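Quick notes on the structure that follows.
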Amino acid sequence: MANLLFFFLISVSQFLYATSNKSPEPFVVYLGSINSNKDENSYTLQASHLQMLSNIIPSYEEKERVSLIHYSYSNTFKGFSAMLTEEKANLQLHTTRSWDFIESELGLGSLKFHQRFPKDVIIGLVDTGIWPESPSFADAGMGEIPSRWKGVCMEGIDFKKSDCNKKLIGARYYGNQPSSIHLPSNGTKTTPQGSPRDDVGHGTHTASTAAGAMVLNASYYGLAHGAAKGGSPSSRLAMYKACSIGGCAGSAVLKAIDDAVSDGVDIISISIGMSSMFQSDFLSDPIAIGAFHANQKGVLVVCSGGNDGPDPYTVINAAPWILTVAASSIDRSFQSSIVLGNGNVIKGIGINFSNLTHSASYPLVFGGHAAAQGTPASEASNCYPGSLDSRKTKGKIIVCVDNDPTVTRKIKKLVAQDAQTKGLILIDEVEKGVAFDSGSYPFSEVGDKAGVQILKYINSTKNPVATILPTVDVNGYKPAPIVAYFSSRGPGGLTEGILKPDVMAPGVSILAAAIPSNEIGAVPDGKKPSNFAIKSGTSMACPHVTGAAAFIRSSHPRWSPSIIRSALMTTVQGANANLHDTGAGEISPMKALRPGLVYETTTEDYLYFLCYYGYKEQVISAMAGTKFSCPKNSSPELISNLNYPSISVARIDGTKNTVSVTRTVTNVGPGNSTYSVTVEAPSGFIVRVSPEKLAFSKRWMKASYQVSFDVKGASKGYGFGSLTWSDGAHIVRSGFAVNVL
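Okay, so the sequence shown: first residue is 1 according to UniProt numbering, each after it adds one.
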């Protein structure tokens, strides 16, 4: 124990319901970075783990303590997880909560450019598993598996080694997913049952979005027809199944990251995260801890920013060593038209494969007019469960509003179906831009303006009728891209000194691989289950960026994770909108191949960040794997000076203060080049950059500059702007967010 500088326990209870503190659950004991200067083989590490357990539970014999150890972490950091009761785990500093899946999907990539950059890139995904039979994971035309690959293809109850191939080169699964752990009363650990196969659909979507092979004539029952492919179709995939329908256990996520780095992946994609209501501190968050050590080993970690928007302070996975992704729309919409009895056609949004046509109309009723006995009209108008009188709704199309976000669209649809309705029209200004999939049940969603038109028709007509037509896809939809309403917003809840999210990528109504569904009502009559599905969320925005990062890595294999992130952030398509919504802006992978200048952030920079944030040197030294000393003047205000591609100043006194920050750029463009700066600032801001020109005589040469913000004439609150360096051929844009008090 003398050589352990720092440790803590993280509860990784993975159930969505409360558990008794008498029952064992997995706790992670995190012991810091691997010390490369010491001979710490697996035997000595296990011995130290057993010694620590003997201090926590001295009454247990060694054989019993061995049975409690669930995972040992020894590739990128030290630690273990053990099955303990809350009473035994009294050294806990922070408890993580259940993880919620963020459902979503996507697709991107230009095959001809990937063929120009044939270097193998290996993407590891920590997710719900994979459906290997999907055509998106075919390996036609792929070369031999890279010799540096050290991973495995684990067999399971429904997964064989032959399910892996030259595209899907690795698959692992972990036993402490929700409902998969069983600890008998005698204390012996049973072998978990399971496999890397996806039984949720989330991992299959994310994997195909990041690096799916090209599949011609792909569609979702005819919608979004075309060629489906991932952002980097030439890349290899490795799946680390750490999640199930119930969520993701922190101990399994940590083990998955540890294994992925050891196996030899280049990029890790994690489309999961805590609810913003339960955010953990940076060093109590399994994803943040694992990502830090992956970054130490040169592995980029890309994470979804969360689906708790549009409220501020909801972005998650916001550690500065993580590339955090927001979701945006694309220029495609799924239109389900509503034809009223007066001939008016209202263009609603939704995915339905109903058999309704123009030739027949059905009675139209407002939910508030069809309330069950004793039910308030306000509940019936929202399609609350049990609120409708089926005698008033049978055979009719019902119109409901969405004043209560706790009743989801799926629940409203089920309520309407239970009331024997012919279809559902939902009025919702916020969610209307994200198509809801109702299967074969007629459904369409409209905004407030169209909703008023429908309600006026109902109230002015003795026998109002309507029909809902099956969905058609509409390309060229504008405006696009815009940030999705559900995409979590900054500033960060843990620190406002780092501008998060980092970038924005498509995450609304995206086609990608899926588990073939046999759910009643999900498959149109006469159709076979689809190999693809259309979903939305930051989960799929994340693998979009993962695929783009792999694309860049294939061209620049020596670039560090922070250089790849910088290239993506400074070459975006974006304006100085609310950067807490969009991050730097929409990614532009082709431009990111040649960014000109980059901001490189080192492990030492991240350790200084931890100093400024307020962690003790003892804790930071454990993270570093060596003794680390913090500056004497460490304070949260210094976080803004982290060499990050964007700038965030958490607070400036508008009456008297000017704040300055420093940045250092590295030239990755032509050897002889000179860059000049231009500034776009909000009203009342005076922004000065010194020097205004940066001259480079060779590649990889560095240069520093200082930015000062004078806000005496500015309005209170956050102001957003940008500074852009250009040599005439490259445009290097850094957004800034400054909070005026």
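Quick reminder that beta carbons are idealized off the backbone N, C-alpha and C, glycines included. Please read all numbers here as calculations on a predicted model, not as lab measurements.
Query	Result
Proximity to valine 465 [Cα-Cα], best of Ser509, Lys396, Ile289	Lys396
Three-pair Cβ contact test at 8 Å for the stretch 506 to 518 versus the stretch 130 to 140	yes
Candidates Val121, Leu455, Ser284, of which the one nearest histidine 369 by Cα	Leu455
Per-residue DSSP class, three states only, for tyrosine 220	strand
Aspartate 418, enclosing alpha helix (DSSP H) - first and last residue	409 to 418
Runs of beta strand (DSSP E) wholly within the stretch 514 to 567 (minimum 3 residues, chain order)	532 to 535
Alpha helix (DSSP H) segments (min. 4 residues) lying fully within the stretch 361 to 405	377 to 381, 390 to 393
Arginine 332 versus glycine 476 - alpha carbon distance	6 Å
Three-state secondary structure assigned by DSSP to proline 642	What sits at residue 642 in the sequence shown is leucine, not proline. Leucine 642 falls in the coil class under three-state DSSP.
For serine 635 and tyrosine 675, the rounded distance between their alpha carbons	32 Å
Contact set for glycine 713: own chain, Cβ-Cβ below 6 Å, skip 5 residues either direction	Gly684
Span separating the alpha-carbon of threonine 194 from that of glutamate 445	Inspection of the sequence shows that residue 194 is occupied by glycine rather than by threonine. The alpha-carbon atoms of glycine 194 and glutamate 445 are separated by roughly 39 Å.
Residues bridged to valine 299 [DSSP beta-bridge criterion]	Answer is none; valine 299 lacks a bridge partner.
Same chain, Cβ closer than 6 Å to valine 740, five either side skipped, listed in chain order	Ile652, Gly654, Val711, Ala714, Lys716
Minimum length 3: unbroken beta strand (DSSP E) runs contained in the stretch 437 to 504	443 to 446, 465 to 468, 472 to 475
Endpoints, the beta strand (DSSP E) within which threonine 666 is located	658 to 667
Given residue 744 as reference, the closest of Thr471, Ala703, Ser673, Gly309 once Cα atoms are compared	Outside the displayed range of the chain (1 to 741) lies residue 744, so it cannot be described from this structure.
Per-residue DSSP class, three states only, for glutamate 133	coil
Length of the line joining the Cα atoms of isoleucine 731 and glycine 250	40 Å
Outcome for alanine 360 when other beta-carbon atoms lying within 10 angstroms are tallied against a minimum of 16	exposed
Beta-bridge pairing of proline 589 - partner residues as DSSP gives them	DSSP, once it has assigned bridges, lists no residue as partnering proline 589.
Option in Lys167, Thr461, Ile245 with minimal Cα separation from serine 234	Lys167
Inter-residue Cα distance where the pair is alanine 484 and proline 589	20 Å
CA-to-CA distance, leucine 254 to proline 286, given in whole angstroms	6 Å
Of the listed residues Asn355, Asn342, Cys542, nearest to aspartate 525 (C-alpha basis)	Asn355
Beta-carbon proximity list for threonine 357, same chain, < 8 Å, skipping 5 on both sides	Thr467, Leu469
The ligand HEM heavy atom lying under 7 Å from the CB of arginine 565	For the ligand HEM, the structure offers nothing, since it holds no ligand at all.
Start and end residues, alpha helix (DSSP H) containing methionine 239	Run containing methionine 239: none in the alpha helix (DSSP H); it sits in the beta strand (DSSP E), 236 to 241.
Limits of the alpha helix (DSSP H) - the one that lysine 627 falls within	Per DSSP, lysine 627 belongs to no alpha helix (DSSP H) and is neither H nor E.
C-alpha gap between glycine 585 and aspartate 389, whole angstroms	48 Å
Range of the contiguous alpha helix (DSSP H) that encloses lysine 210	For the record, residue 210 in the displayed sequence is alanine; it is not lysine. 202 to 211 is the extent of the alpha helix (DSSP H) around alanine 210.
Neighbour-count burial assignment, lysine 616, 16 or more Cβ in a 10 Å radius	exposed
Environment of alanine 140 [buried if 16+ CB atoms lie within 10 Å]	exposed
Beta-carbon proximity of isoleucine 620 to cysteine 630, cut-off 8 Å	yes
Separation of glycine 447 from glycine 222, as counted between CA atoms	26 Å
For tyrosine 313, the three-state DSSP class (helix, strand or coil)	coil
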